[in-house]
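Asks:
There are 2 protein chains.
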Amino acid sequence: MTTISKDTNLVTFINVFTVDAANQQQLVKLLTRVTDRFVRHAPGFISSALHRSVDGTKVTMYAQWRTIEDYETMRKNPAPLPYLQEALTIAKFEPGMYEVVETFVRAGGT
Amino acid sequence: MTTISKDTNLVTFINVFTVDAANQQQLVKLLTRVTDRFVRHAPGFISSALHRSVDGTKVTMYAQWRTIEDYETMRKNPAPLPYLQEALTIAKFEPGMYEVVETFVRAGGT
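Heads up: the protein sequence lines correspond to chains A and B, in order. In this text, residue positions in the first sequence follow the working numbering: the first is -9, and each later residue adds one. In this text, residue positions in the second sequence follow the working numbering: the first is -9, and each later residue adds one.
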């Protein structure tokens, strides 16, 4: 489970992969494998959530890290690199590094 | 606070706005206002979280809805439309409709 709050001092990565619908499932498998085997073991990794678009053409990873430096250290690790390189043979990658501005809950709570 | 889990049967919208860094703060204000005044009052809205990119060029809304139909009904409401139209005068909009495949937590828990 991943929790989004503006009160935690984390850095958020929202990385959008664009893919042919025929390759979406393969991309999901690759990103699941690399996260499970490597990324979640890296120092400073907090949590992430993998999303597949309903239309089949996108896969988006929402990930929280303690610091930008922790993320960059993981990206320099050669072990997960082959997975990411394989992902880039079937997908385009649009990275984004964010901070949470605000969260909203439904009015009334019913 | 927003909670991401694959076990809730929600639809997730990850909408990425691309903007000149000079206009990022204005876009954040617009999206905050429309969400607070209108979107979070709509039937089926669960939760959302607004993110601003560290480099100033993106603003991303992560939003959870009960169903696609609830979201589409909100989008047809004329009240929030002027806010979204104003946003589109300063930003490009790349929508995405998703389901959560998997969430990951850090290994070891230290």
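All C-beta atoms, glycine included, are put in the ideal place defined by N, C-alpha and C. No experiment lies behind these values; they were computed from the predicted model shown.
Ignore the nearest five residues each way along the sequence and tell me which others in T100/B's own chain have a CB closer than 7 Å to its CB.
Replies: Position 110 of the second sequence, counted from the start, is the residue given in the question as residue 100/B. Here T100/B scores only 44 on pLDDT, less than 50, and its place in the model is too uncertain to base an answer on.
Asks: Look up M(-9)/B in the DSSP assignment and say whether it is helix, strand or coil.
Replies: Looking up residue -9/B in the second sequence gives position 1. Reduced to three states, the DSSP call for M(-9)/B is coil.
Asks: Determine whether the beta carbon atoms of N5/A and A53/A lie at a separation below 9 Å.
Replies: Counting from 1 along the first sequence, the entry for residue 5/A is found at position 15. Counting from 1 along the first sequence, the entry for residue 53/A is found at position 63. For N5/A and A53/A, yes; Cβs fall inside 9 Å.
Asks: Identify whether L17/B lies in helix, strand or coil by the three-state DSSP scheme.
Replies: In the second sequence, counting from the first residue as 1, residue 17/B sits at position 27. L17/B: helix per DSSP, three-state reduction.
Asks: Considering only residues of the same chain and omitting the five flanking positions on each side of Q16/B, which have a CB-CB separation below 7 Å?
Replies: Taking the second sequence and counting its residues from 1, the one referred to as residue 16/B is at position 26. Here the set comprises I80.
Asks: Specify, as a first and last residue, the run of the beta strand (DSSP E) that L40/B falls within.
Replies: Numbered from its first residue, the second sequence carries residue 40/B at position 50. 35 to 43 is the span of the beta strand (DSSP E), which, as asked, contains L40/B.
Asks: Looking only at its own chain, which residues have a Cβ that is under 6 Å from the Cβ of F83/A, when we skip the five neighbours before and after it?
Replies: To locate residue 83/A, count along the first sequence from 1; it is residue 93. Same-chain partners within the cutoff: F7.
Asks: Using DSSP's beta-bridge definition, name the partner residues of Y52/B.
Replies: Translated into positions along the second sequence, residue 52/B becomes position 62. In DSSP, Y52/B forms a bridge with I4/B, A39/B.
Asks: By the 9 Å beta-carbon criterion, what residues does the stretch -5 to 6 of chain B contribute toward chain A?
Replies: Within the stretch -5 to 6 of chain B, the residues whose Cβ lies closer than 9 Å to some Cβ of chain A are S(-5), K(-4), D(-3), V1, T2, I4, V6, listed in chain order.
Asks: Hey, M64/A and V29/A: beta-carbon distance below 9 Å or not?
Replies: Here residue 64/A refers to the residue found at position 74 of the first sequence. Here residue 29/A refers to the residue found at position 39 of the first sequence. Taking 9 Å as the Cβ cut-off, M64/A and V29/A qualify as a contacting pair.
Asks: Taking only the alpha-carbon atoms, compute the straight-line gap between S37/B and T2/B and give it to the nearest angstrom.
Replies: Indexing the second sequence from 1 puts residue 37/B at position 47. Indexing the second sequence from 1 puts residue 2/B at position 12. Roughly 10 Å separates the two Cα atoms.
Asks: Would you please verify whether the beta carbon of K82/B is less than 9 Å from any beta carbon of chain A?
Replies: The residue labelled residue 82/B in the question sits at position 92 within the second sequence. It does not: the Cβ of K82/B has no partner Cβ on chain A nearer than 9 Å.
Asks: Please classify T93/A: does DSSP put it in a helix, a strand, or coil?
Replies: Against the first sequence, residue 93/A aligns to sequence position 103. Of the three classes helix, strand and coil, the one that applies to T93/A here is strand, per DSSP.
Asks: For V18/B, collect the residues of the same chain with a Cβ closer than 7 Å to its Cβ; drop the 5 residues on either side in sequence, then sort them by chain order.
Replies: Within the second sequence, numbered from 1, the residue matching residue 18/B stands at position 28. L40, R42, V49.
Asks: From F35/A to H31/B, what does the alpha carbon distance come to, in whole angstroms?
Replies: As a first step, residue 35/A must be located in the first sequence, where it is residue number 45. As a first step, residue 31/B must be located in the second sequence, where it is residue number 41. Answer to the nearest angstrom: the Cα atoms are 34 Å apart.
Asks: Could one say the Cβ of V9/B lies closer than 9 Å to chain A's Cβ atoms, at least one of them?
Replies: On the second sequence, residue 9/B is found 19 positions in, with the first residue counted as 1. So no, V9/B is outside the interface.
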